[in-house]
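Q: Take this structure, written in structure tokens, and hold onto it; I'll ask about it next.
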Amino acid sequence: MLSFSTATHVFTLILCLTLSDIVRATGPRVLCVERYRISQGDTCASIAPQLGLNQSDVESMNPGVNCSSSALPSGKSLCTRAYTPVCTLNATATQTTCDELAATWEITVNSFVAFNDDVDDACDDLVVGNTYCVSTDGCYPGHTDPICDQ
Ligand SMILES: *[C@@H]1O[C@H](CO)[C@@H](O)[C@H](O)[C@H]1NC(C)=O
Ligand SMILES: *[C@@H]1O[C@H](CO)[C@@H](O)[C@H](O)[C@H]1NC(C)=O
Ligand SMILES: *[C@@H]1O[C@H](CO)[C@@H](O)[C@H](O)[C@H]1NC(C)=O
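The structure is reproduced here in structure tokens:
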């Protein structure tokens, strides 16, 4: 027989699963805010300490980079600092493309896509009635945007 406490946990779990189906886990995409240009012979082991990072940081900020296998591609760059902006304003979609919201909030389609990790690059798969982020702080540590100091 289920104890009261187990039953409560089961109920809570079901409630959480149900809620997570309704409330989309969404928000701004991660931005890379600092990059390092790879020189010939660079390896994760040689550059990560210089950059104040460990190898798992390098891998997590650079999908496709595997520190234990391939050599780093010289001439390309690595992301060395990433920042996930905080959404400061959500708006409700009234159509499936982002044109209207982007125009209303004076942002580009590219920004709209960057602010919402659940829309595709064409920005044509919005769900009418769902809310989307239309403004972010953009104030990552070390930013130079004066608006962030206000
Ligand atoms: C790498 O550094 C991050 C913090 O930057 C830390 O959270 C993580 O545990 C470290 N990983 C390893 C394998 O040392
Ligand atoms: C990285 O490369 C190593 C060695 O080739 C391999 O064992 C490992 O599975 C790779 N990791 C990923 C995430 O692909
Ligand atoms: C915008 O919506 C997201 C996802 O529902 C939520 O996490 C965030 O707190 C909201 N932000 C604001 C400023 O309302």
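If you count by mature numbering (1 follows the signal peptide of the UniProt record, and there is no 0), then the sequence shown holds residues -25 to -1, 1 to 125, one letter each, in order.
Yeah, the Cβ is synthetic: ideal placement off N, Cα and C, and Gly gets one too.
Keep in mind it's a predicted model, so treat the numbers as computed, not measured.
1. Suppose you measure from the CA of R10 to the CA of C62; what does that come to, to the nearest Å?
2. Is N29 close to ligand 2? I mean its beta-carbon at under 7 angstroms from any heavy atom of the ligand.
3. Look at the alpha carbon of T106 and the alpha carbon of V8, and state the distance between them as a whole number of angstroms.
4. Can you tell me which of the three DSSP states T83 falls into?
5. What is the rounded straight-line gap between the Cα of A89 and the Cα of A46?
6. Can you tell me which of the three DSSP states A46 falls into?
7. For A23, which three-state DSSP category applies?
8. At what residues does the beta strand (DSSP E) containing V8 begin and finish?
9. Can you check DSSP and say which residues form a bridge with T67?
10. So, helix, strand or coil for L101, using DSSP?
11. Do S35 and ligand 2 come close, with the Cβ less than 7 angstroms from some heavy atom?
12. Quick check on S44: buried or exposed, where buried means 16 or more other Cβ atoms within 10 Å of its Cβ?
A: This is what the structure gives:
1. 24 angstroms
2. no
3. 26 angstroms
4. coil
5. 30 angstroms
6. coil
7. coil
8. 6 to 12
9. T106
10. coil
11. no
12. exposed
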